[in-house]
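Scroll down for the structure; my scribbles are underneath it.
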Amino acid sequence: MENCKQCGGKFEITSEDLTHLSQLSPVFDGKKFSIPSPKKCPSCRQQNRLAFRNERTLYTRKCDLSGKQILSIYSPERKEIVYCEECYLKDLY
Ligand SMILES: [Zn+2]
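For the sequence shown, this note's numbering begins at 2 and goes up steadily by one.
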């Protein structure tokens with residue numbers, strides 16, 4: 002059992018969790034960069050994800066490629082590059 006760094010509650014990291022993290026860890030140039038095991042319990046992790054991800058507000062802004070007016074979860078002031086779906090798919094293929 003582990004102690005959550007946020008709430009102090011106990012949580013378990015199973016061998017399946019560790020196998021999963023190992024499978025997700027990226028390999029660059031033959032070197033594996035291991036994803037560390039979690040320091041917070043599942044509900045604190047979920048709470049943190051919800052605090053950082055905007056899933057409730059939509060903004061109107063312009064596509065950074067075509068200039069078309071679009072709806073986005075990123076406000077116009079944010080510095081991320083946001084494409085409309087058409088430009089996004091064009092860029093992929
Ligand atoms: Zn916790």
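Every residue, glycine too, gets a C-beta built ideally from N, C-alpha and C.
Whether residue i touches residue j by CB criterion (8 Å)
i     : j     : result
Ile82 : Leu59 : no
Pro39 : Arg46 : yes
Leu72 : Thr61 : yes
Of the residues the options, the one placed nearest residue i, counting alpha carbons only
i     : options                    : result
Asn49 : Cys85, Glu3, Met2, Cys8    : Cys8
Ser26 : Phe34, Thr20, Ser38        : Phe34
Leu66 : Asp92, Gln24, Lys6         : Asp92
Cys96 : Gln70, Arg79, Cys64        : The first residue shown for the chain is 2 and the last is 94, placing residue 96 beyond what the model contains.
Cys5  : Asn55, Asp18, Lys41        : Lys41
Phe12 : Thr20, Glu3, Ser23         : Glu3
Glu86 : Glu78, Gln70, Lys80, Ser76 : Gln70
Asp18 : Pro43, Val28, Gly31, Lys80 : Pro43
Residue(s) in a DSSP beta bridge with residue i
i     : result
Lys63 : Gln70
Glu3  : Phe12
Within-8 Å CB hit, residue i to chain D
i     : result
Gly10 : Absent here is chain D; the protein component of the structure consists of one chain.
### Query
Which runs of the alpha helix (DSSP H) spanning at least 4 residues fall entirely within the region 10-58, listed in chain order?
List check, alpha helix (DSSP H) in window: 16-25, 43-53.
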